Every structure is written in C-alpha cells, then in structure tokens.
Amino acid sequence: SECIATTTCLDEGSMAAAARVRPGEEVLLVTSGGTYVFAEASSGSIRVNREKVEAAPLIGAVYGTRFEVRGGALVKAAARSRRGSAGTTRKRDNRSLQDDNQAQRVEAEEIKRMRVEGASGEAIIETLIEGSATWEDKTEFSKDKWLRRKERKYLPWVRVLRPTGANVAAAYFARRDSKRLALRPDALAQILARADARDGSHVVLVDATAGVVAGAFLERIAPSGRLLLPAARARQNLDALRRFNFPPDCLSLVHHVDTRDFPDPPNALVLVTTALDPVSLLDAYVPHLRPSSPFVVYADTPHPLALAFQHLRDSARATALHLSETWLRDFQVLPGRTHPSMSMSATGGFLLSGITLAAATSPDS
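Numbering (my numbering), first residue to last: 799 to 1163.
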C-alpha cells in the first residue's frame, strides 16, 4: 500500500492516474502572492485571493498545473514569454532613473476603468508598458522584476501542488501564529533523516503540529511500519492528516497507545512539542525503545534541549548526542543577480538527536 500517490511501487497506469487530481481529493494551491490555500477538488467553490471561484477545473488537472484567476473562474494558463528587449545589445543601467512617480503617463483612473470594463491582465500590463517613459531605459533585470510585480497584481494565478509532507509543512508554516507550532520544511526533513524514517519503522511520536509531522512519517514508514501516539496525557490533534489524501489502510498504521502497552519495542522516538518537558518525555519513552534506536527532540529554543542533553549524558542513556540549530538561507540564483533573499525566517528551531544505549532499553534498568 502506498501512503503517497507518487511513483514508487506503482505501475505505469497508476502513476498516470496519481499525477492527476481526482474528484474529492484535497489539493494545495500556492498563489502568485506566495500564500497557500487548501481546497477540495469538487463541483463547489473556493476562495482565492479574496475572490470566489469554482473548483471544478481542478478535477483531472495534472499536479503542477497553473491556473489564472479570471472573472471568478480558474482558467488554465497558457505558456507565454515576458516582454523584454531581446535582440538589443545596448548596455543599460538604472543610474539615470528617478523614483519620482513621474515616469508613468497612464493615470490610475484609466486602469480602474479598464478593470471595470473587464480588460484582461495582459492588456492592462501592456498599457502600463506603453505608458512608461523609462521602459526602454530599464535593465532586463529591472523589467523582469517590474513584470513579476504587475503580474501578481493584474494576473493572479494559482499552482496545483500535491499535498506531500514538505508542501503541507510549508503551507502550515506560512500560516503559523503564536497559538500553534509549525515546522519549516527543512526542519521537518532533518527530523525525518535523524529518525531514520523508512518502511517498517515503529515510531513513537509526540506531535504538536496538528499532524503535519505524523503525515510526513506515514509517507515513509508504509506499508509495514507503525506510528505509535502515546495517549497518556491527551489524544493528539491530527487534523492535518486529512490534507494528505491517505487511504484507509495507510491511516490504520496510526495507533493511539498507552506507554505500558507498546505491542513491540519501538525503534525510533520523535518528540515535537514546546508545551511539555523534554526530560520527562525522554525518561518516559526511551526505556521502551530497542537498543541503538534513534531519537529526535524538537524545541523552538535551545535551553530545554541543553538540559535534556546534559541529563542523557549524565545518565549514560544515549550516545552520539547532537544539539543543533536548524538554519536555512534562501538565495535568488539568476544570471548576474545571485544574492540572499532580503527577508526570510530567522530560525527553524533546534534539534537534539542521539542513539539509545542498550542499558537504557529495559524499563526495569
């Protein structure tokens, strides 16, 4: 059984079907403004960029398809090239351009009138280009940046993404607030790697991300793995699991268990929570793991992990202890203008990982 409808273990016909959105599936839409929208592929309607549009065109669409939002409808975007100055060789720079709002001859009222009359986004952008007194003096880089900005305003679009662990994590992180924990996709990748998530893994998981981490693990531990969610304190919120379109046999791998009733010794432990003390959680669950099992603990500050690091080292319960900050810098990589992004997330949180020692695997030790 596949817990993610991508490529592995699927025949050619199944792969072709999995590449398209099926009726009733949850899909993830990323907009031209960089926001994320979860939607159901159905005959109903969804809201994109504050506009109500019909969702029916999503059914049967290939993942990765881009739709333009036009007049309350999703219209499949045609391939088009941006207007520039291809073929010219005159060297340009922006030293003579003045940012005084005097270069545009087209008045705002005229653009407003065109929008009311139903003019296309392409027509509005073309009018603005023709009305610009400095267009031909701009560099190709400036033109491209200007066009992208105007397209976001006058040619809104959405791209259909498959709701994978990485994409769902990115959507939840973009919509995060102070009331809920959200992981950056690179932090989630670190957790999966350090926990050695693979088919057959039996993972004890405490997940405070509404099920985003649980879904990412299910993608990797199927079909013979198990996801064990301790129910000692409270049943964990797994609302995000419905975003992944998992079949019932995949969801059956999730078990809410009592700490004393693990069916078999688990071989991995993952703690993603900021409300509970890592030391007490490690003391409760590490003794039940098999020897040489990996464990990963996430926190948004380093202090609780530093205490847990010292506790594990002093008690000789683990080896290969590693405390690190998950940090990522986005770069714009384009000819002649490669540089770090001007705004980005400051940190992706902190991780404590290690390997359990055999002496710590017996509950009576």
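Each residue gets a CB set at the ideal place from its N, CA and C atoms; glycine is no exception.
Computed from a prediction, not measured in an experiment: that's the story for all the values here.
Taking 3 residues as the shortest admissible run, the stretch 982-1060 contains the following complete beta strand (DSSP E) segments, listed from N- to C-terminal end: 1000-1005, 1024-1028, 1052-1055. The shortest C-alpha to C-alpha distance from Thr829 to any of Glu849, Ala901, Ala1082 is the one to Glu849. From the listed residues Gly831, Arg1033, Asn847, Val819, the smallest Cα separation to Glu838 is found for Val819. In this structure, the CA atom of Tyr970 is about 18 Å from the CA atom of Ser1141. In this structure, the straight-line span from the alpha carbon of Leu1150 to that of Ala1006 is close to 17 Å.
The beta-carbon distance between His1109 and Val1077, rounded to whole angstroms, is 5 Å. This is short enough to meet the 8 Å contact definition. In the structure shown, the three-state DSSP call for Ile844 is strand.
By DSSP's assignment, Tyr1096 forms a beta bridge with Val1070, Leu1149. Counting of Cβ neighbours within 10 angstroms places Gln1034 among the buried residues, the total reaching 16 or more. Taking 8 Å as the upper bound for CB-CB distance, Leu826 and Pro961 are in contact here, some 5 Å apart.
The C-beta separation of Phe939 from Gly1134 comes to about 7 Å, placing the pair in contact by the 8 Å criterion. DSSP, read as helix, strand or coil, puts Glu852 in strand. Apart from the 5 residues on each side of it in sequence, Arg957 sits with its Cβ closer than 6 Å to the Cβ of Val828, Arg864 in its chain, given in chain order. Nearest Cα to Ser1090 within the set Arg992, Trp1125, Val1070, Val1131: Arg992.
Ile1019 is the residue among Ile1019, Pro1061, Pro1064, Leu1027 whose C-alpha sits nearest the C-alpha of Phe1044. Shown here, Glu907 sits in a helix according to DSSP, grouped into three states.
Close CB contacts of Glu908 within its chain, under the 8 Å cut and outside five residues either way in sequence, are with Thr925 (chain order). In chain order, Val825, Leu826, Leu827, Val828, Tyr861, Gly862, Asn965 place their CB closer than 8 Å to the CB of Leu959, counting only its own chain and leaving out the 5 sequence neighbours on each side.
The beta carbon of Pro1063 lies closer than 6 Å to those of Arg1088 in the same chain, with the five residues before and after it left out.
The straight-line gap separating the alpha-carbon atoms of Val1011 and Glu928 is approximately 50 Å. Ala1104 is a Cβ neighbour of Leu1121, given a cutoff of 8 Å. Considering only Ala854, Thr833, Gly831, Gly916, the residue with the shortest C-alpha distance to Arg868 is Gly916.
Counted as a single uninterrupted DSSP element, the stretch harbouring Lys936 is not any alpha helix (DSSP H), since DSSP gives it neither H nor E. Taking Leu1026 as reference, the option from Thr937, Tyr1083, Glu1123 with the minimal CA-CA separation is Tyr1083. With respect to the 8 Å criterion, Ala1008 and Asp1037 are classified as neighbours on the basis of their beta carbons. Looking at the DSSP output, Pro1138 shares a beta bridge with Phe1129.
Rounded to whole angstroms, the gap between the alpha carbons of Arg978 and Leu1039 is 16 Å. With distances taken between CA atoms, Gly963 lies nearest to Leu990 out of Asp975, Leu990, Ala854. The DSSP-derived three-state label of Arg957 is strand. Counting only the Cα atoms, Ser1113 lies some 24 Å from Glu1123.
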